[in-house]
Amino acid sequence: MVTRIGPSPTGFIHLGNLYNAIIGERLAHQSAGVFFLRIEDTDAKREVPGAVDTILSSMQFFGIEFDEGATGSGDNGNYQPYRQRQRKNIYQAIAKHLVQKGLAYPCFCSEESLNQMRETQQKQKLDFGYYGKWATCRNLSLEQIEAYLTENKSFVLRFRSAGNAKNSETVFDGIRGNLSVQQNYQDFILLKSDGIPTYHFAHVVDDHLMRTTHVVRGEEWLASLPMHIETFDALGWERPVYCHTAQLMKQDGESRRKLSKRQDPELALDYYRAEGYLPAVVWEYLLTVLNSNYEEWHLANPQKDLDSFPFSLEKMSTSGALFDIVKLNDISKEILIKMPAEQIYDELVSWAQTYNKPFAAVLNANPAYAIKAISIGRSGDRPRKDIYCHRQAAEFFSFYYDELFQIEDELPQNVNETTEKEILQRYLQDFDIKDSQEQWFAKIRVLTEELGYAPQPKLYKKNPEAYRGSIVDVSNTIRRAITGRLNSPDLWEICQILGNERVRKRVLLKINK
RNA sequence: GGCGCGUUGGAGAAGCGGCUUAACUCACCAGCCUUUCACGCUGGCAUUCAUGGGUUCGAAUCCCAUACGCGUCACCA
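In terms of the numbering used here, the first sequence has 104 at position 122, counting the first letter as 1, and numbering is strictly consecutive.
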């Protein structure tokens, strides 16, 4: 199979781009085919400088590898160039051929007259567009055309459609199966007045010339499919297999809608880089959405690489999936927990260097300390799955550093500020950094009972009247004083890492507050 | 408004006419484990597949209609 992606260099590259890229990449490379990158820059107005680099670096970041196409240093492959504006002559040559065959004609209609036409059509509840009697330039005589041309009037080149709205045909879609498609009857634009093709024409020409076998694109293109197939047929070219993917959606109150650039930061691929998600996480999440049997396969083959999963078009859903960041986070936790602490440290540092400088500084100041801190609770059969992205990890590990430490959570249920002081005073009094974990905890248990708290949560649950609270409240009060939170890895280990002085300082701080 | 696509639990979904008392994963809830929070384990979570008809001995699965959602109708892609 030969597949491709054709992003526009608008500076914004999103999840949908990656989504389709993964499909194309899998399809091509699973079949020992070719996957290439074409830059669809036919709309110069929307082009943003440096956007091609953004596309390249995003795709590279997510491990999408192209066999041919645009690269940072020119184009690479058999069907160059891969940037549409540079292919102007090719489109024009094909267009000329269509004109000669009577399948295309120049149209001199002005923007105003087209707008007027649309208004009338709307009023009369007719189909919009340039067709039938509305296609006023369709039957211009050669003399008229010549006259306009000598006047230097600007024009576009339109396709002369032979289709009829009443006819429809069945087209096979790689994802959706047989589709019933209404025939195209619109004389749509092939070449814009600047001589650059529209998407519709560029797609047909390029994908034919570049030997694309499978066109993977979003379902928003379904509506223009009739134009594309009519163009392929008119040119006598073989149609590719179209694969129209479903859109990623987002729950918005009662209804769901397409992910939107303005409202949903998670649409942008940059978001995942900035948040510090590993590329493999996004890949894997997208794969679960694309082929939901991936999860089962992964469970059955935990040691196998993503690439050996047999991806299939037939397994793809035709309805738009809701984007689920919670699920993505879960996948991320699973991946991160399998990673050695040293590697997490490296990833964290390289992320923090651009996205969280203060954290990078603190990390770099003492790598051994950071790795020890990261390591707590990660070993053994039942490791903690605390972190899912670098941004969150930076927050999670912040209490190990005095310059970042702060109290975040409220006091536990059965503790007020007075009892907090009581607990902490007793804790500090008994605290000895040299205590073993057992000794350390035995002291907490004694303290708990002396202050009228239940030494076991069960006891308190059974008889809440008899106690002020349970050991849960006591240990969480201590935990909060030292880590700022009610949820942390093992407290004793944390104390060992922080050291006697800092533990005492933090506890004292709460006592004297 | 025309045309097209879609509709299985809170989410992703499996299912493709009898093996389904609708799989699996996430979420949620409960219990257990645990000094705590987590992690882990066990169990619960759709008598029902948008609704209404029909075909059939038998339907989530096939057909028709309705409803709802989404997309599209640019010299944007």
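Ideal placement from N, C-alpha and C gives every residue a C-beta, glycine not left out. Note that this is a predicted model, so its numbers are computed, not measured.
**Item:** Extent of the continuous beta strand (DSSP E) run through H(-4)
**Value:** Looking at the DSSP string, H(-4) is not in any beta strand (DSSP E), and its letter there is neither H nor E.
**Request:** Use the C-beta contact count for E212: other C-beta atoms within 10 angstroms, 16 or more gives buried, fewer gives exposed.
**Result:** buried
**Cα-Cα separation, C119 to Y112** = 10 Å
**Request:** Could you spell out where the beta strand (DSSP E) holding L433 opens and where it closes?
**Result:** No beta strand (DSSP E) contains L433, which DSSP labels as neither H nor E.
**Asked** If you pair each beta-carbon of the segment 36 to 50 with each one of the segment 247 to 257, do three or more pairs fall below 8 Å?
**Response** yes
**Request:** For the beta strand (DSSP E) holding R238, just list the boundary residues, first then last.
**Result:** S237 to K240
**Asked** Is it true that the CB of E431 sits closer than 8 Å to the CB of P439?
**Response** no
**Asked** With a Cβ-Cβ cutoff of 8 Å, do R461 and S470 count as a contact?
**Response** yes
**Asked** From which residue to which residue does the beta strand (DSSP E) around E50 run?
**Response** E50 to T53
**Asked** When the Cα atoms are used, what is the spatial distance from L386 to K339?
**Response** 12 Å
**Where V138 falls, given that 16 or more other Cβ within 10 Å makes a residue buried** = buried
**Prompt:** Which residues share a DSSP beta bridge with V223?
**Reply:** H196
**Request:** For the alpha helix (DSSP H) holding R486, just list the boundary residues, first then last.
**Result:** N482 to I493
**Prompt:** Since T24 and Y130 are thought to touch, with beta carbons under 8 Å apart, how far apart are those beta carbons, to the nearest angstrom?
**Reply:** At roughly 24 Å, the Cβ-Cβ gap does not stay under 8 Å, so T24 and Y130 are not in contact.
**Request:** Measure from the alpha carbon of N346 to the alpha carbon of each residue in I356, N396, S357 and Y327, then state which is nearest.
**Result:** Y327
**Asked** What residue range is occupied by the uninterrupted alpha helix (DSSP H) comprising S40?
**Response** A33 to F43
**Prompt:** Around the Cβ of S143, are there at least 16 other Cβ atoms within 10 angstroms (buried) or fewer (exposed)?
**Reply:** buried
**Message:** Just to confirm, is the Cβ distance from G451 to N396 under 8 Å?
**Reply:** yes
**Request:** Please classify G114: does DSSP put it in a helix, a strand, or coil?
**Result:** helix
**Asked** Residue range of the alpha helix (DSSP H) that S332 falls in?
**Response** A323 to Y337
**Message:** Restricting to Cα atoms, I'd like to know which of E447, E404 and V271 is closest to I426.
**Reply:** E404
**Item:** Strand pairing of R65, partner residues [DSSP]
**Value:** I21
**Asked** Are three or more beta carbon pairs between the segment 264 to 274 and the segment -13 to 3 nearer than 8 Å?
**Response** yes
**For F379, three-class secondary structure by DSSP** = coil
**Message:** Does A86 pass the burial test, meaning 16 or more other C-beta atoms within 10 Å, or should it be called exposed?
**Reply:** buried
**Request:** Give me the Cβ distance between R(-11) and E29, rounded to the nearest whole Å; I'm assuming they're in contact under 8 Å.
**Result:** Rather than Arg, the amino acid found at residue -11 in this sequence is Pro. 12 Å between Cβ atoms; not a contact.
**Prompt:** What number of angstroms, rounded off, separates the C-alpha of L330 from the C-alpha of A342?
**Reply:** 8 Å
**Item:** Residue closest to T465, alpha-carbon to alpha-carbon, out of A448, L124 and K487
**Value:** K487
**Asked** Ordered along the chain, which non-local residues of its own chain (more than five positions away) have a Cβ less than 8 Å from that of R239?
**Response** M231 and K232
**Asked** Beta carbon of Y267, beta carbon of L173: below 8 Å?
**Response** no
**Message:** Please report the distance separating the alpha-carbon of E420 from that of I313.
**Reply:** 35 Å
**Request:** From the DSSP output, in three-state form, read off Y370 for me.
**Result:** coil
**Prompt:** Over what stretch of residues does the beta strand (DSSP E) that includes Y87 continue unbroken?
**Reply:** A86 to C89
**Asked** Cα-Cα, which of N445, Q374 and R193 is closest to K315?
**Response** Q374
**Message:** Quick check: N146 and F154, are their CB atoms within less than 8 Å of each other?
**Reply:** no
**Request:** Compute the beta-carbon to beta-carbon distance between L406 and I493, rounded to the nearest angstrom, for a pair I have assumed lies under 8 Å.
**Result:** 5 Å
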